[in-house]
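Note sheet for the following structure.
In the working numbering, the protein residues as written are 12 to 200.
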């Protein structure tokens, strides 16, 4: 029914106790649908249990992302905000070199009676990878010239920020129409 459709469409915005009254009003050849909506109280986050297991548990940058997770306790539980925050933490793990990361627990319990949501999320970070050897392909420059722009060394922990800096440095040279820096994940160890 139209009422159920409207009710279901409001749940992702945190409204699980919606009351809808719709009616069709005819006026000659014209018809009008009138929908009265009582949103009720929104579902709010009651508990938020977030963790990262493995080496990433001690990574302060990952901790920063966990602390900033939204919606936080007391906030309206909006699905889009929740999904975006979950994706941000997954991306932060990848950006820090945890290429084997895995979401091991992802549960949201909504209790309509108390208008509450309990969030339980956990990631296994897996190991944090380090840079291996760096090689430039298809270069017409003398050996060692481009390597001077690399701001990291073999054996250092991987961060996407350093890759972006290298890409920016190479771009500023003005010699390349496109630059692609790709970790060789088939060779990770």
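We put the CB at the ideal spot given by N, CA and C, even for glycine. Note that the coordinates shown come from a computational prediction; the quantities given were computed from them, not determined experimentally.
Taking 8 Å as the cut-off, the beta carbon of residue 36 is found no closer than this to the beta carbon of residue 46. DSSP places residue 103 within a helical segment (H, G or I) once states are collapsed to three.
Per DSSP, reduced to three states, the secondary structure at residue 97 is helical. Separation of residue 157 and residue 141 (C-alpha to C-alpha, rounded to the nearest whole angstrom) is 20 Å. Residue 128 places its beta carbon less than 8 Å from that of residue 119. If you draw a 10 Å sphere on the C-beta of residue 54, you find 16 or more other C-beta atoms in it, and that means buried. For residue 59, the enclosing beta strand (DSSP E) begins and ends at 55-64.
Residue pairing of residue 43 in beta bridges, as defined by DSSP: 36.
Taking residue 124 as the centre and dropping the five residues before and after it, the same chain places no C-beta closer than 6 Å to its C-beta.
For residue 33, the closest alpha carbon among the candidates 99, 56, 14 is that of 14.
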